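A quick write-up on the structure given underneath.
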Amino acid sequence: DEKFGIERTVKDDDVVFGDYSYGHIKREILKILNEIKELQRLPVVNFAAGGIATPADAALMMQMGCDGVFVGSGIFKSGDPEKRAIAIVEATSHYNEPEILKEVAKNLGEGMKGTEASKVLQALQDRGI
300 DEKFGIERTV KDDDVVFGDY SYGHIKREIL KILNEIKELQ RLPVVNFAAG
350 GIATPADAAL MMQMGCDGVF VGSGIFKSGD PEKRAIAIVE ATSHYNEPEI
400 LKEVAKNLGE GMKGTEASKV LQALQDRGI
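Okay, so the sequence shown: first residue is 300 according to my numbering, each after it adds one.
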């Protein structure tokens, strides 16, 4: 644009991404940067494929310093996904409250089915390098 003598200015109320204005995006980025400055570290969410399946797993990740956990198949492949999801959310919110953790972990139904260890070796054996 400079070679044609056109000057572009983005104003705070210009919508630049979906329904979000440039000003809104700037404010949200500044909030995140201030949080990083205050914490003296980057916020970290745990994305562990197949690793978080119970409220106890989620609480442990929070106790270890994660800012959040991502749970996929641990919820959706369980016997009662809605109940398990609610329990995991409660566990991440109350990760240092053993009495609450004990209650939310009750009667969750069947958990995610895993793979029998002997079948894992067979599956790995057939993979190419």
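Glycine is no exception: its CB is placed at the ideal position from the N, C-alpha and C atoms.
Note that this is a predicted model, so its numbers are computed, not measured.
Return the first residue and the last residue of the beta strand (DSSP E) that residue i is part of.
i, result
"Val-344", "344-346"
"Val-315", "314-316"
"Val-368", "367-369"
DSSP has residue i in a bridge; who is on the other side?
i, result
"Ser-320", "Val-314"
Tell me where the alpha helix (DSSP H) around residue i begins and ends.
i, result
"Asp-388", "Here the sequence assigns Val to residue 388, which means Asp is not the residue at that position. Where Val-388 is concerned, the enclosing alpha helix (DSSP H) stretches over 380-392."
"Lys-401", "397-403"
"Ile-374", "372-375"
"Met-360", "354-362"
Distance check for residue j and residue i, CA to CA, integer angstroms please.
i, j, result
"Pro-342", "Ile-335", "7 angstroms"
"Ile-387", "Asn-345", "14 angstroms"
"Gly-373", "Glu-396", "22 angstroms"
"Ile-351", "Ile-331", "26 angstroms"
"Leu-407", "Pro-380", "9 angstroms"
"Lys-401", "Thr-353", "12 angstroms"
"Cys-365", "Glu-409", "26 angstroms"
"Ile-385", "Asp-356", "14 angstroms"
Could you tell me how far apart the beta carbons of residue i and residue j are, in whole angstroms, since I believe they sit closer than 8 angstroms?
i, j, result
"Val-309", "Tyr-321", "5 angstroms"
"Lys-376", "Met-411", "4 angstroms"
"Tyr-394", "Ala-358", "4 angstroms"
Less than 8 angstroms between the beta carbons of residue i and residue j, yes or no?
i, j, result
"Glu-389", "Val-368", "no"
"Thr-391", "Met-363", "no"
"Phe-316", "Ile-324", "yes"
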